[in-house]
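In what follows, a single structure is set out as structure tokens and then discussed.
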Amino acid sequence: MSGTGLGWPALVPPYRNRLEEWFSTPEKLYASFDTREELVSLLRACDNTLLESSLQLIADALLEWHADNARTVASGRREARRRLTECLPSVPGTGLSLHEHYNQIALQSPLALLPVLRKRKLATDRVVDRGARATEEIRLRQEYALRLAAIMQEAQLPVCKVLAGVSNAEEAWPRLFGTRRSKTLRNRFRAWDKFREWLLYSRGRSYPEGVADVLDYANERFQEGCGKTVLESLQASLSVIEGVGRVPSTQQISQDPTWQAQLKSYTADLVSAAPPEQPASMLTVAIILACEIFVCTPGEPSYLRALGFVCLLMVWGSLRADDVQGLLPQTMLLDERGLSIDLARSKTTGPDKRTHTVKVFVERSISLTGHDWLKDFDFERDYLVLKANEGFTEPLEKSVPSSTVALYFRKVLSELKTPKREGRTWKANDQRPLLPGYTSSHFTGHSARNFLSSVGAAIDVDPRELDYLGRWKVGGEGSATYIRTSRQVVHRLQSHIACSLVTGQPKHYIEVDSIKALTDYAAKAGESESQVRRRHTLLEGSKGLGGSWPTLALEVGVAAPPSPVEQVSMPGSRGDYFIVTSRTTGLRRLHMLGCYVKPENCYDVKFVNHVGAEDVDNICKDCKARMKAQAGEEESDPSSSDSGSESM
Numbered sequence: 055m056s057g058t059g060l061g062w063p064a065l066v067p068p069y070r071n072r073l074e075e076w077f078s079t080p081e082k083l084y085a086s087f088d089t090r091e092e093l094v095s096l097l098r099a100c101d102n103t104l105l106e107s108s109l110q111l112i113a114d115a116l117l118e119w120h121a122d123n124a125r126t127v128a129s130g131r132r133e134a135r136r137r138l139t140e141c142l143p144s145v146p147g148t149g150l151s152l153h154e155h156y157n158q159i160a161l162q163s164p165l166a167l168l169p170v171l172r173k174r175k176l177a178t179d180r181v182v183d184r185g186a187r188a189t190e191e192i193r194l195r196q197e198y199a200l201r202l203a204a205i206m207q208e209a210q211l212p213v214c215k216v217l218a219g220v221s222n223a224e225e226a227w228p229r230l231f232g233t234r235r236s237k238t239l240r241n242r243f244r245a246w247d248k249f250r251e252w253l254l255y256s257r258g259r260s261y262p263e264g265v266a267d268v269l270d271y272a273n274e275r276f277q278e279g280c281g282k283t284v285l286e287s288l289q290a291s292l293s294v295i296e297g298v299g300r301v302p303s304t305q306q307i308s309q310d311p312t313w314q315a316q317l318k319s320y321t322a323d324l325v326s327a328a329p330p331e332q333p334a335s336m337l338t339v340a341i342i343l344a345c346e347i348f349v350c351t352p353g354e355p356s357y358l359r360a361l362g363f364v365c366l367l368m369v370w371g372s373l374r375a376d377d378v379q380g381l382l383p384q385t386m387l388l389d390e391r392g393l394s395i396d397l398a399r400s401k402t403t404g405p406d407k408r409t410h411t412v413k414v415f416v417e418r419s420i421s422l423t424g425h426d427w428l429k430d431f432d433f434e435r436d437y438l439v440l441k442a443n444e445g446f447t448e449p450l451e452k453s454v455p456s457s458t459v460a461l462y463f464r465k466v467l468s469e470l471k472t473p474k475r476e477g478r479t480w481k482a483n484d485q486r487p488l489l490p491g492y493t494s495s496h497f498t499g500h501s502a503r504n505f506l507s508s509v510g511a512a513i514d515v516d517p518r519e520l521d522y523l524g525r526w527k528v529g530g531e532g533s534a535t536y537i538r539t540s541r542q543v544v545h546r547l548q549s550h551i552a553c554s555l556v557t558g559q560p561k562h563y564i565e566v567d568s569i570k571a572l573t574d575y576a577a578k579a580g581e582s583e584s585q586v587r588r589r590h591t592l593l594e595g596s597k598g599l600g601g602s603w604p605t606l607a608l609e610v611g612v613a614a615p616p617s618p619v620e621q622v623s624m625p626g627s628r629g630d631y632f633i634v635t636s637r638t639t640g641l642r643r644l645h646m647l648g649c650y651v652k653p654e655n656c657y658d659v660k661f662v663n664h665v666g667a668e669d670v671d672n673i674c675k676d677c678k679a680r681m682k683a684q685a686g687e688e689e690s691d692p693s694s695s696d697s698g699s700e701s702m
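Rendered as structure tokens:
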């Protein structure tokens, strides 16, 4: 506000001199108060020897001066703002277009592409995407690939010269990292970012000049008592950056024998000093019973019941929380044999793995309580669990990460009531929560996966067959052998384990250890240890839960409940049309029988006799021409027809 032409108040010299001494400029004096109370308090703080009468006279004069100069000050402020918004004279143009400037910046630093990716995500956040999981995976892969590429640019690694002449940086940089998953790239970036921060503050550079930098960093982290995987993560990041960055093998720090020897030594010491790994907490049989009752109770929130179904699917399908979001609901089929569903993305399956998809099976009569908990949930998407609304009464059309699936799992457990038997029927005791307080926090997203294989091992099931439950056989035997034999083996093991829990035969399951771990946790959480033990102790030695197997009697010849895939004909009774769903985008394209696109070569096929607009997204170009020919209409311009290849 300097340069406004504001003058000092008209006061007698002793007081004016003091004001100049206290405030140095009239502008500072003007800005130091707004009200009389503020001014009086300010003057007293500056000179507490002033008489009250003098203080009031000075205040009156200053307030009058403040009001008289209000317009002058406002004008000065406007002029100051105008000067701040002025820009420097522009540099003469280089003749490059805006697009060429953007490509130059992107080539110099791939991080320049990140705002574009974020804007693209925000623009599509509110749009329901049938391939949301795949789309999010692609976005995250691009983001972290560009962050790692920026590290290579900063270090001027040899790969930068290779890509110096590439025009489309947005495509070139992310593809440097091959088929690595987004989580892998994220972990490599995070591990390196911590090392880079240490280099900046300790060495004044952002990239190591030699193995000594890595050794010093590793020694400091070891002395601090870092986790046992910290240094291994650094080695993995270093290996990726040097490998992708085209650093010659003789100059790669990650391959240096001295560093590798010290890394092994540090890791061995950290592993020996670390506490033993704790497996995920085992679910109790009472939790499985209560969950079945919960799913079949109409009075509970509808979507919370659906999440309860997912919990049971995790138990009997031996699924992790991360596996759940890799299931494809549009492939869910419930028939007289049981439930089957495709697992398209996990740690061992996916488009970039040897095995693209694998089946998950649940035998049709599996039930410990006699309640038919196998239900269908029909919403076409490439993830099973959607975001729940506040009351868990319905889902929102948005996916959630696996960490949220694990939290939903705990939410379901916290709502379970203690199961009780009345005659031959299992019911819930609404007055007694099965997991009081915060006891449900004892369990994690991996607890469900452990249950079936652990119970099977406890009742002496062949370990080679137990591998089928967790799909560990896929990598060893190959997907073809697994597909041919897995369903029969999985159904037989599920029935055998469930029969043992219900009848106690041929060998009964003892769950003393899992209940003891739960009660110990409950005691730490401030709950009654004995109360929790009583509510979870349901197995009666060699009698098991009591009753006969199977608990769920299905009439022979009665049609199974409908699957989520409507209008699907069973093999041998194909319809006149078939709908092919893309693996990556979820696009549904309609074909006629006899089309050059063969159903047996496609990923997901539905045979139908009748189809509505809500069932498909577009129609095959050739089949559309055939349909018009059959209807006696002239074929329209093929260029205007929907076309494209299917994901097979």
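Start counting the sequence shown at 55; every next residue gets the next number (our numbering). For every residue, glycine included, the Cβ atom is placed at its ideal position computed from N, Cα and C.
Return yes when the Cβ of leucine 422 is within less than 8 Å of the Cβ of leucine 555, no when it is not.
-> The Cβ atoms of leucine 555 and leucine 422 sit closer than 8 Å to each other.
Segment contact, 8 Å Cβ cut-off, at least three pairs: the segment 353-371 with the segment 438-453 | Yes, the segment 353-371 is in contact with the segment 438-453.
I think valine 265 touches isoleucine 307, with their Cβ atoms under 8 Å apart; what is that distance to the nearest whole Å?
-> Distance from valine 265 to isoleucine 307 at the Cβ level is roughly 5 Å; contact confirmed, criterion being Cβ atoms closer than 8 Å.
Look at the alpha carbon of tyrosine 320 and the alpha carbon of threonine 304, and state the distance between them as a whole number of angstroms.
-> Here the alpha carbon of tyrosine 320 sits roughly 24 Å from the alpha carbon of threonine 304.
Classification of leucine 393 by the beta-carbon crowding that lies within 10 angstroms, buried from 16 upward = It counts as buried.
Segment contact flag, the segment 191-205 with the segment 231-247, C-beta cutoff 8 Å, min 3 pairs = Segments in contact, yes.
Proline 487 - partner residues in DSSP beta bridges | The partner list for proline 487 (beta bridge, DSSP) reads Lys471.
Are the segment 380-398 and the segment 489-503 touching, with three or more C-beta to C-beta distances below 8 Å?
-> Segment contact: the segment 380-398 against the segment 489-503, fewer than three CB-CB distances shorter than 8 Å; contact not assigned.
Straight-line gap, threonine 605 to serine 540 (C-alpha atoms, nearest Å) = Going by the C-alpha atoms only, they are around 24 Å apart.
With 16 other Cβ atoms within 10 Å as the buried cut-off, status of lysine 660 = When all chains shown are included, lysine 660 counts as buried.
Neighbourhood of valine 612 by C-beta, 6 Å cutoff - its chain only, sequence neighbours within 5 removed = Confidence in valine 612 is poor, its pLDDT being 43 and thus under 50, which makes the residue's placement unreliable; the coordinate value appears in the next sentence. Only residues of its own chain outside the window of five on either side were considered, and among them none has a CB closer than 6 Å to the CB of valine 612.
Three or more C-beta pairs below 8 Å linking the segment 335-354 and the segment 249-258 = Contact between the segment 335-354 and the segment 249-258 is absent: fewer than three C-beta pairs spanning the two stretches fall below 8 Å.
Beta-carbon gap between valine 544 and tyrosine 522 smaller than 8 Å | Cβ distance < 8 Å, so valine 544 and tyrosine 522 count as in contact.
Hey, out of Val339, Gly219, Val298, whose CA is closest to alanine 209's CA?
-> Selected option, being the one with the closest Cα: Val298.
Could you check the C-alpha separation between valine 634 and arginine 643 for me, to the nearest Å?
-> The straight-line gap from Cα to Cα measures roughly 5 Å.
Under three-state DSSP, which class holds arginine 180?
-> Caution is warranted here: a pLDDT of 49 is assigned to arginine 180, below 50, making its placement in the model unreliable, and the coordinate value is therefore given only provisionally. For arginine 180, the secondary structure class from DSSP, reduced to helix, strand or coil, is coil.
7 Å CB neighbourhood of alanine 579 in its chain, flanking five on each side removed | So the list reads Gly491, Tyr492, Thr493, once near-sequence residues are dropped.
State the CB to CB distance for the pair leucine 470 and alanine 344, rounded to an integer number of angstroms; the pair is presumed to be in contact (CB under 8 Å).
-> Alanine 344 and leucine 470 do touch by the CB rule: their CB atoms are close to 4 Å apart, below 8 Å.
At least 3 beta-carbon pairs within less than 8 Å: the segment 77-97 vs the segment 110-123 | These segments touch.
Three-way DSSP call (helix, strand, coil) for methionine 368 in this model = Methionine 368 sits in a helix when the DSSP states are folded into three classes.
Could you work out which residue in Ala482, Asp101, Leu105 is closest to isoleucine 347 when comparing CA atoms only?
-> For isoleucine 347, the nearest C-alpha among the options comes from Ala482.
Residue from Asn504, Val515, Val566, Arg589 with nearest C-alpha to tryptophan 370 = Comparing Cα-Cα distances from tryptophan 370 to each of Asn504, Val515, Val566, Arg589, the minimum goes to Asn504.
Between the C-alpha atoms of cysteine 280 and aspartate 323, what's the straight-line distance to the nearest angstrom?
-> Roughly 11 Å between the two C-alpha positions.
Under the rule that 16 or more other beta-carbon atoms within 10 Å means buried, what is glutamine 548, buried or exposed?
-> Classification of glutamine 548: buried, given that the 10 Å Cβ count is 16 or more.
How would you label arginine 98, buried or exposed, when you count the other beta carbons within 10 angstroms and need 16 or more for buried?
-> Exposed is the label assigned to arginine 98, since fewer than 16 other Cβ atoms lie within 10 Å of its Cβ.
Does the beta-carbon distance from serine 260 to serine 372 come in below 8 Å?
-> With contacts defined by Cβ atoms closer than 8 Å, serine 260 and serine 372 do not form a contacting pair.
Three-state class that DSSP yields for isoleucine 112 in the structure shown | The answer is helix: DSSP assigns isoleucine 112 an H, G or I state.
How many Å lie between serine 107 and arginine 125 at the Cα?
-> Those two C-alpha atoms are separated by around 30 Å.
Evaluate alanine 296 with the Cβ neighbour count: other Cβ atoms within 10 Å of its Cβ, from every protein chain shown; 16 or more gives buried, anything less gives exposed.
-> It is glutamate, not alanine, that sits at residue 296 in the sequence shown. Looking at its Cβ environment, which holds 16 or more other Cβ atoms inside 10 Å, glutamate 296 is buried.
If you drop the 5 nearest sequence neighbours on each side, which residues of the same chain put their C-beta closer than 7 Å to that of glutamate 191?
-> Cβ contact annotation for glutamate 191 (same chain, cutoff 7 Å, sequence separation greater than five): Ser236, in chain order.
Excluding sequence positions up to five away, which residues of its chain have a Cβ less than 6 Å from the Cβ of valine 133?
-> It should be noted that the sequence gives glutamate, not valine, for residue 133. None.
Excluding five sequence neighbours on each side, which residues of the same chain lie with their C-beta closer than 6 Å to the C-beta of leucine 217?
-> Contacts found: Ala226.
Under 6 Å Cβ to Cβ from leucine 361, same chain only, skipping five residues before and after it: list those, please.
-> The residues are Tyr462, Val466.
Continuous beta strand (DSSP E) stretch holding arginine 643: start and end = Following the DSSP letters along the chain, one finds arginine 643 inside the beta strand (DSSP E) bounded by residues 642-646.
Inter-residue Cα distance where the pair is tyrosine 69 and leucine 109 | Taking the Cα positions, tyrosine 69 is about 10 Å away from leucine 109.
In angstroms with no decimal places, state the Cα-to-Cα distance between valine 349 and glutamate 668.
-> Here the alpha carbon of valine 349 sits roughly 29 Å from the alpha carbon of glutamate 668.
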